[in-house]
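Report on one structure; see the data block that follows.
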């Protein structure tokens, strides 16, 4: 399933087509800034394995969600993610969601 949206910031129409991994990456960036971790994976800064509140004996861990470097690069070039440290290399600096990314997610929940 590929979702298409037409976003028009400043009267210029921007047509963005995202794949399911890119949508998951955009939703992950909505929850917090993405930082580069080991083996070219991007996730939140202090991401750890957690457990649901109803899981009293902690038998079913909730895995850490991550995005690959290729997905972050595609989202950055489409304007849905931005680097937070403009002076650093964009391949290693933290990324945050842009207003266009938030609007895309509002339109395509």
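In this note's numbering, the protein residues as written are 294 to 402.
Ideal Cβ positions, reconstructed from N, Cα and C, are used throughout, including at glycine.
A Cβ-Cβ contact shorter than 9 Å links residue 309 with residue 372. Taking the Cα positions, residue 357 is about 22 Å away from residue 369. Between the alpha carbons of residue 354 and residue 340 lies a gap of roughly 13 Å. For the set 344, 317 and 352, the Cα lying nearest the Cα of residue 336 is the one of 317. Annotation note: the region 361 to 402 contains the following uninterrupted beta strand (DSSP E) runs of length 3 or greater, listed N- to C-terminal: 374 to 376 and 388 to 390. Assignment of residue 319 by DSSP, reduced to helix, strand and coil, places it in the helix class. For residue 384, the closest alpha carbon among the candidates 362, 395 and 324 is that of 362. Between residue 374 and residue 391, the alpha-carbon positions lie close to 5 Å from each other.
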